[in-house]
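Structure first, commentary second.
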Amino acid sequence: MAGLLTAVAVGVGPGPRPAAARGARIGAVAPELTGGPWHNGGPVSLEALRGRVVFVEFWTYG
């Protein structure tokens, strides 16, 4: 029985993650964000914010 449990524990894992689920790497250039309307101002690009600290919060209703 112990051998079977060991075989199952070693042989079963989460498997490889799809490329889309791997996410961005630290230090990588962020993709351009599109959308809006932006609160408290007009359109902004990430290029215009290069070198500044930017806080981005994603949320949704529901």
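According to my numbering, the sequence shown is numbered sequentially starting from 2.
Even glycine gets a Cβ: it sits at the ideal position worked out from N, Cα and C.
Through-space distance from residue j to residue i, alpha-carbon basis
i: VAL57; j: GLY63; result: 19 Å
i: ARG53; j: GLU33; result: 15 Å
i: THR61; j: GLY42; result: 21 Å
Own chain residues within Cβ distance below 7 Å of residue i, not counting five before or after
i: TRP39; result: VAL45
i: LEU47; result: ALA31, GLU33, LEU34
Top-ranked residue by Cα proximity to residue i, from the options
i: PHE59; options: THR35, GLY42, ILE27, ALA29; result: THR35
Contacting residues, own chain, Cβ-Cβ under 6 Å from residue i (five flanking each side not counted)
i: ALA8; result: Bear in mind that the predicted position of ALA8 carries a pLDDT of just 49, short of 50, making it unreliable; the figure below should be weighed with that in mind. Once the five neighbours on either side are set aside, ALA8 has no close Cβ partner at all.
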